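To keep things clear, I will list the structure first and then write my remarks on it.
Numbering (this note's numbering), first residue to last: -11 to 141.
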């Protein structure tokens, strides 16, 4: 079994310009499964295996400039993959590289890791996938856990 967890990173309910806030609520942990060769653990291979969060952006004084026409003073979302598994069986976390993607508001377009995407004010949903690839060997049987950081800045 492999579990995907979201770590929400918000600096004191992140503030944009003058007193806007971004609130993150984790709504679903994800589940990762292996590929046929047992060399990749991924929430993308599991049916609806993604982790999910709801985001609410409340504009501050200057946040009202955040609109479809002008993306000024908008908050931006990004995801950061873990450096290692939070927990794994002995030897299970060696030779592993991590990548993550996310989608906003049900979009089918994957946004890459470490790339901030500006979002408009209001409520949003985010789906996050984690992919852990072994460069050599296969995943040993056991329980794995990875934590992805979701940033709203």
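Backbone N, C-alpha and C define an ideal beta-carbon position, used for all residues, glycine too. Given the structure is predicted, the values throughout are model-derived calculations rather than measurements.
So, at 7 Å on beta carbons, what are the nonlocal neighbours of residue 15 in its own chain, with the 5 sequence-adjacent residues on each side left out?
Here residue 15 is taken as the residue at index 27 of the chain shown, counted from 1. The answer, listed in chain order, is 40, 41, 42.
Whole angstroms are fine: how far does the CA of residue 72 sit from the CA of residue 124?
Counted from its first residue, the chain shown places residue 124 at position 136. Counted from its first residue, the chain shown places residue 72 at position 84. Approximately 16 Å between the Cα atoms of the pair.
For the beta strand (DSSP E) containing residue 107, list its first residue and its last residue.
Counting from one through the chain shown, the residue named residue 107 turns up at place 119. Taken as a continuous stretch (DSSP letters only), the beta strand (DSSP E) holding residue 107 covers 105 to 107.
Alpha carbon to alpha carbon, how far is residue 103 from residue 77?
Translated into the one-based positions of the chain shown, residue 103 becomes position 115. Translated into the one-based positions of the chain shown, residue 77 becomes position 89. Residue 103 and residue 77: Cα-Cα distance of roughly 31 Å.
What does DSSP give as the partner residues of residue 113 in its beta bridges?
In the chain shown, counting from the first residue as 1, residue 113 sits at position 125. Answer is 42, bridged to residue 113.
Rounded to a whole number of angstroms, what is the C-alpha to C-alpha distance between residue 110 and residue 132?
Start at 1 with the first residue of the chain shown, and residue 110 comes out as number 122. Start at 1 with the first residue of the chain shown, and residue 132 comes out as number 144. Cα to Cα, the separation comes out at about 35 Å.
Does the Cβ-Cβ distance between residue 65 and residue 114 come in under 8 Å?
Numbered from 1 along the chain shown, position 77 holds the residue referred to as residue 65. Numbered from 1 along the chain shown, position 126 holds the residue referred to as residue 114. Taking 8 Å as the Cβ cut-off, residue 65 and residue 114 qualify as a contacting pair.
Can you tell me the Cα-Cα spacing of residue 9 and residue 46, whole angstroms?
Stepping through the chain shown from its first residue, residue 9 is reached at position 21. Stepping through the chain shown from its first residue, residue 46 is reached at position 58. If I take the Cα positions, the gap works out to 5 Å.
Do residue 17 and residue 34 have their CB atoms nearer than 8 Å?
Taking the chain shown and counting its residues from 1, one reaches residue 17 at position 29. Taking the chain shown and counting its residues from 1, one reaches residue 34 at position 46. Cβ atoms of residue 17 and residue 34: not closer than 8 Å.
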